[in-house]
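Only one structure is covered here, and it is reproduced in the block below.
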Amino acid sequence: MARYRGPKHRLARREGENILDKTSASLQRRLAVPPGVHGRKGKRRLSEYGTQLREKQKAKAIYGVLEKQLRRLVNEVAARKGDTGELLLSMLETRLDNITYRLGFAKTRYMARQLVSHGHVYVNGKKLSIPSYSVRKDDVISLSPKLKSKFDEISAIPNEKDLIVLPFLSRKKDEGVLTRLPKREDIEVPFNLQLIIEYYSR
Numbered sequence: 415m416a417r418y419r420g421p422k423h424r425l426a427r428r429e430g431e432n433i434l435d436k437t438s439a440s441l442q443r444r445l446a447v448p449p450g451v452h453g454r455k456g457k458r459r460l461s462e463y464g465t466q467l468r469e470k471q472k473a474k475a476i477y478g479v480l481e482k483q484l485r486r487l488v489n490e491v492a493a494r495k496g497d498t499g500e501l502l503l504s505m506l507e508t509r510l511d512n513i514t515y516r517l518g519f520a521k522t523r524y525m526a527r528q529l530v531s532h533g534h535v536y537v538n539g540k541k542l543s544i545p546s547y548s549v550r551k552d553d554v555i556s557l558s559p560k561l562k563s564k565f566d567e568i569s570a571i572p573n574e575k576d577l578i579v580l581p582f583l584s585r586k587k588d589e590g591v592l593t594r595l596p597k598r599e600d601i602e603v604p605f606n607l608q609l610i611i612e613y614y615s616r
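Using the working numbering, the first residue of the sequence shown is number 415, and each one after it goes up by one.
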């Protein structure tokens, strides 16, 4: 299945909440109206399956993952010991494109994915061009020398003192480190992890 490349606001309106990296006044006004010619008729009450599906779709839209990728992650965490929801969140959060975004090296996850795909992100000093690469504890994330000169243009937080770093990350200038694996309480999760697990357990 191809990655969605249409209007990002359409995804947010489909879910009825802002699931994007950015917000705008126009989006906030239109969130209550689903996309499409019948959008103003309102939403139907969802079945249990429909509710699970919508939570799954939110996660895919937020992290920019494909159906096959998310299913693989769910199957992987289901085989492990521990809280499957927290394990799934940890695997989504430690994707290289997401870590690049969380460190403030890019203004959106989409931009972060582009930086990784084009070989502008390094892990432990080595260039990696796989957005889905799973960053490990103590891995050092940095930008290519070519991109460092343009850092203020691409960074969401060009001034280091303004950066709010999540508890599992640290950043100093143009380098960041995953200090530990993410936990559920570290992040405000805009979707229900358990419903996603249940969707794939059917």
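Ideal Cβ placement from N, Cα and C applies to all residues, glycine included.
A contact is defined here as three or more CB-CB pairs under 8 Å, and the stretch 460 to 469 fails this definition with respect to the stretch 503 to 516. Within the same chain, and ignoring the five residues on either side of Y547 in sequence, the residues whose Cβ sits closer than 6 Å to its Cβ are L510.
In the assembly as shown, G478 is a buried residue. Its beta-carbon has 16 or more other beta-carbons within 10 Å.
Checking the DSSP bridge columns, you'll see K540 partnered with V537. Taking a C-beta distance under 9 Å as the contact criterion, F582 and D600 qualify as a contact pair. With a cutoff of 9 Å on beta-carbon distance, L609 and L503 are scored as not near each other. In this structure, the straight-line span from the alpha carbon of D497 to that of R459 is close to 30 Å. Within its own chain, the residues whose Cβ lies closer than 8 Å to the Cβ of L595, once the five positions on either side in sequence are excluded, are S504, T508, K551, F582, listed in chain order. Here DSSP, grouped into helix, strand and coil, assigns K495 to coil. Y614 and S563 have their C-alpha atoms roughly 44 Å apart.
Taken through DSSP and simplified to helix, strand or coil, L517 comes out as coil. Counting C-beta atoms within 10 angstroms of its own C-beta, S531 has fewer than 16 neighbours from the protein chains shown and is therefore classed as exposed.
Per DSSP, reduced to three states, the secondary structure at L506 is helical. According to DSSP, residue pairing for K586 in a beta bridge involves E589.
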